[in-house]
Amino acid sequence: MNKLITIVLILYTLTASYALMVLAPIVYNKKDMEISENCNTQLNQYNTMVNDVCKDDEKCQNVFTESFVENVRNNCNGNDMEKKLFEQIESTYLFNSISQLEVDGVNCSIYSVNLGQSIESRCACMKKVIEYLEDYTTQHENSILTESITDFKLEISEYC
């Protein structure tokens, strides 16, 4: 029972950390720092996607893809503002990707904590999430998660 409570607390912490990682338009203050035309184009594409296409989950998965995130990575790396815009888009992409993972028909979304779910089932989900994130950070060494995935893995491994 203690393990279940601990995992629920970890998931609650993750949920609180990622509560804003939903598909929402990104607005920034131009007075703070300029962004390049290429990055602005990517940002406009993202906002159009969020406002129009992503109202339908299936259509959204077809356009909010890893290749789109790669384009943002390549076009938004000029200054700190651009890097923060990229990080926000990448975080949202990863959060939404994790929400699609399933183990034995159980959704592994951080938001879908089912108190009736067995500790083994929840741990299987967390292991699948870790595998996905490790694969992603292996392919994208400059991901925002590159340095934190090891800590996350250790924390989950401690309880599973």
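Going by our numbering, the first residue of the sequence shown is number 386, and it counts up by one from there. Note that beta-carbon positions come from the ideal geometry of N, C-alpha and C, so glycine has one too.
- Contact holds between the segment 436–453 and the segment 472–488, because three or more Cβ pairs, one in each stretch, are under 8 Å apart.
- In this structure, lysine 538 sits near isoleucine 515, with a CB-CB distance shorter than 9 Å.
- In this structure, glycine 463 sits away from cysteine 439, with a CB-CB distance that is not shorter than 9 Å.
- Bridge partners of valine 435 according to DSSP: none are assigned.
- A distance of 9 Å or more separates the beta carbons of isoleucine 483 and glutamine 427.
- The closest CA to that of aspartate 536, considering only Asn527, Glu526, Gln524 and Glu519, is found on Glu519.
- C-alpha of arginine 458 to C-alpha of lysine 469: approximately 11 Å in a straight line.
- For leucine 486, the CB contacts under 8 Å within the same chain, skipping 5 residues up- and downstream, are Asn492, Cys493, Ser494, Cys510, Lys513, Val514 and Tyr517 in chain order.
- Following the DSSP letters along the chain, one finds glutamate 443 inside the alpha helix (DSSP H) bounded by residues 442–448.
- If you look at cysteine 461, you'll find it isn't in any alpha helix (DSSP H); DSSP assigns it neither H nor E.
- Counting only the Cα atoms, cysteine 461 lies some 5 Å from glutamate 467.
- Annotation: threonine 433 to arginine 507 spans about 35 Å, alpha carbon to alpha carbon.
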